[in-house]
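Each residue of the sequence shown is one higher than the one before, starting from 186 at the first, in the working numbering.
Built from N, CA and C at the ideal position, the CB exists for glycine as well.
None of the values given here were measured: they were computed from a predicted structure.
Working notes, structure below.
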Amino acid sequence: MGTEIERKFLVADDHWRAQASAGKRYIQGYLGGNDACSIRVRLEGDQANLNIKGKRLGIQRSEFEFPIPRQEAETILQSLCTKPLIEKTRYLVSHGEHVWEIDVFSGENEGLVVAEIELTSTDEIFTRPDWLGDEVSRDPRYYNVCLVKHPYKDW
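As structure tokens, this is what we get:
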């Protein structure tokens, strides 16, 4: 079984940009899930994936990801996924022993910038960059699946 251990933070300022990768465009949408999971289709640059994530709140949950043909992903996003779609650009920033993923949202979630770090255990120690803001790992408003139903622009 796949497990994701991830912590999520707001970003306090733009100082991360000096060390960031070029960034990759993401478009993702959600299919009807249930009380136990969410089902996502994502375009990630030239790749496409189907992802199933457990709905458990917190920093650890089940996750499974499978590559799918890009054309099929585009069709699913346009015809089957709940709107609005999640649009964002993801940047990678190395800091200490870890690589941070910085998501800069656009579209209905314009203005939201979130940093995520994947860990190997729930109690793993990591170095906090100066640009890191408040932790929102347990706040469901910041889950992408929730941003579809309650976009950041409406907060």
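If you drop the 5 nearest sequence neighbours on each side, which residues of the same chain put their C-beta closer than 6 angstroms to that of residue i?
{"i": "residue 210", "result": "274"}
{"i": "residue 213", "result": "225, 227 and 271"}
{"i": "residue 297", "result": "290 and 337"}
{"i": "residue 255", "result": "233"}
{"i": "residue 249", "result": "187 and 237"}
Can you tell me whether residue i is buried or exposed? The criterion is at least 16 other CB atoms within 10 Å of its CB, across all chains shown.
{"i": "residue 422", "result": "What is shown of the chain runs 186 to 340, which leaves residue 422 out entirely."}
{"i": "residue 219", "result": "exposed"}
{"i": "residue 203", "result": "exposed"}
{"i": "residue 326", "result": "exposed"}
{"i": "residue 201", "result": "buried"}
{"i": "residue 302", "result": "buried"}
{"i": "residue 258", "result": "buried"}
With DSSP collapsed to three states, give me the class of residue i.
{"i": "residue 237", "result": "strand"}
{"i": "residue 306", "result": "coil"}
{"i": "residue 190", "result": "strand"}
{"i": "residue 295", "result": "coil"}
{"i": "residue 261", "result": "helix"}
{"i": "residue 269", "result": "strand"}
{"i": "residue 323", "result": "coil"}
Do residue j and residue i have their beta-carbon atoms positioned less than 8 angstroms apart in this structure?
{"i": "residue 237", "j": "residue 322", "result": "no"}
{"i": "residue 252", "j": "residue 221", "result": "no"}
{"i": "residue 333", "j": "residue 267", "result": "yes"}
{"i": "residue 264", "j": "residue 240", "result": "no"}
{"i": "residue 309", "j": "residue 246", "result": "no"}
{"i": "residue 314", "j": "residue 292", "result": "no"}
Compute the minimum distance between the beta carbon of residue i and the heavy atoms of the ligand ATP, and state whether it is under 7 angstroms.
{"i": "residue 311", "result": "In the structure shown, the ligand ATP is absent, as is every other ligand, since no ligand is present at all."}
Keeping to the same chain, check which residues put their C-beta closer than 7 angstroms to that of residue i; ignore five residues upstream and five downstream.
{"i": "residue 312", "result": "280 and 281"}
Mind checking who residue i pairs with in its DSSP beta bridge?
{"i": "residue 285", "result": "278 and 302"}
{"i": "residue 228", "result": "212 and 233"}
{"i": "residue 196", "result": "317"}
Spatial neighbours of residue i within its chain, please: C-beta separation below 8 angstroms, excluding the five flanking residues on both sides.
{"i": "residue 196", "result": "287, 298, 299, 300, 316, 317 and 318"}
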